[in-house]
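Sequential numbering of the sequence shown, starting at 162, is according to my numbering. Don't be surprised by glycine CBs; every beta carbon is placed ideally from N, CA and C. One structure is given below, encoded as structure tokens.
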Amino acid sequence: MHNQNYVREYGSNSFFTWGGSVSEATQSSTQLWKFTADGNGSGIWSVEDKYSQELSSTRRSHGGAFASTPDSGFCFGGFEETKTKIDPKMPLGGYVPGYLQLNYTTPEGLPAWTNRTDTPYSSSSTLYAATAHYIPRYGSQGLIMILAGAEYNSTNQEPGNLSMEVVWFVDPVTKRWYSQKTIGQAPEPRRWACVVGAQSLNNTYDIFLFGGLTDNRVGFGNVWILSLPGFVWIQADAKQMPRAYMSCVVAGRRQMITVGGVDPSLPQGTPMEDPDTFHQGIGVLDLTSLEWTDEYNSLVAAYESLNAVKSWYNEG
162 MHNQNYVREY
172 GSNSFFTWGG
182 SVSEATQSST
192 QLWKFTADGN
202 GSGIWSVEDK
212 YSQELSSTRR
222 SHGGAFASTP
232 DSGFCFGGFE
242 ETKTKIDPKM
252 PLGGYVPGYL
262 QLNYTTPEGL
272 PAWTNRTDTP
282 YSSSSTLYAA
292 TAHYIPRYGS
302 QGLIMILAGA
312 EYNSTNQEPG
322 NLSMEVVWFV
332 DPVTKRWYSQ
342 KTIGQAPEPR
352 RWACVVGAQS
362 LNNTYDIFLF
372 GGLTDNRVGF
382 GNVWILSLPG
392 FVWIQADAKQ
402 MPRAYMSCVV
412 AGRRQMITVG
422 GVDPSLPQGT
432 PMEDPDTFHQ
442 GIGVLDLTSL
452 EWTDEYNSLV
462 AAYESLNAVK
472 SWYNEG
């Protein structure tokens, strides 16, 4: 199984996983699984019955975008779990519209899951191979931004990559959606990228977009920064490291750790055979110096925006 949704419960040592791509011969499972870390490099998997019972009629999916807020987990879009290609016989070709919210603070006896279809980030309300990022700084309880990915194109029954010239984000409390046109050259549309965010010393919140691929398996190895509140795109001067299908997270003060993934620019069928450019599949990028390493440094200073970002704000 792969391409599951992962959401975490703030204030605990646990996270949940749901969905994922399985064989067409496999019977659908609506169970929600929970992993509880023991603090010693291990942990326990268990079925979370408390939240699983409500999922019996929910379309299970894979390849959606997911994000976590202090009280909820969100799963946006995805593709029917037993499908690997568009099925013209299915509604929206097998794409799952809208999003799911799992609210951990729901009072006993009330539904913890909410399914909403009012998602304006694409014309069909579908989303696949995209990223969702929680920004804690803005809104009453932060905002969730959608970046990259594709939607179902009913005209030619093919996935259509989404532009990042305009970005969409939702208030996780009011469920109200907003859009904003960005400034500067936006990254090329792509799928299977990853994003992280960092609060800078100069009071900006910078979102880093790394990697991804196009329809023709052209792999991106560049790093882009979407700096808020200016909504300006700036390409970072980091070494090109083509990568897709990976996960990213910020660790410590200013280091992005990428886990897994492959180089999509390699000939089809060979990425799993060639030596990985990242040692053991793990890469570490210093978000301030933009240097790639294979080691984590807990002693680095706090994150500081690039000079190009500072200059844009200083020049007004």
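- In this chain, the alpha helix (DSSP H) harbouring Y212 covers D210 to S213.
- Non-local beta-carbon contacts of R220 in its own chain, meaning distances under 7 Å to residues more than five positions away in sequence, involve E241 and V257 in chain order.
- Counting along the chain, S218 sits inside no alpha helix (DSSP H), nor does DSSP assign it H or E at all.
- Within the model, the alpha-carbon separation for L389 versus Y366 is close to 5 Å.
- A Cβ-Cβ separation of about 4 Å places G238 in contact with G225 under the 8 Å criterion.
- In terms of Cα proximity to C236, the closest of K244, E456, T278 and S217 is T278.
- Cβ-Cβ distances below 8 Å link W194 to F177, T178, W179, W206, S207, V208 and E209 in the same chain, with the five nearest sequence neighbours on each side left out; the list follows chain order.
- Here the alpha carbon of A347 sits roughly 24 Å from the alpha carbon of V445.
- Contact check for S175 against M162 fails: the beta carbons are separated by 8 Å or more.
- Put simply, the stretch 376-388 does not touch the stretch 458-465. Fewer than three CB pairs are less than 8 Å apart.
- For secondary structure counted as the beta strand (DSSP E) over 3 or more consecutive residues, the stretch 232-284 holds these complete runs in sequence order: 233-237, 260-264 and 274-277.
- D332 is not bridged by DSSP to any residue.
- The distance from the Cβ of G421 to that of M402 is about 14 Å, inconsistent with a contact at the 8 Å cut-off.
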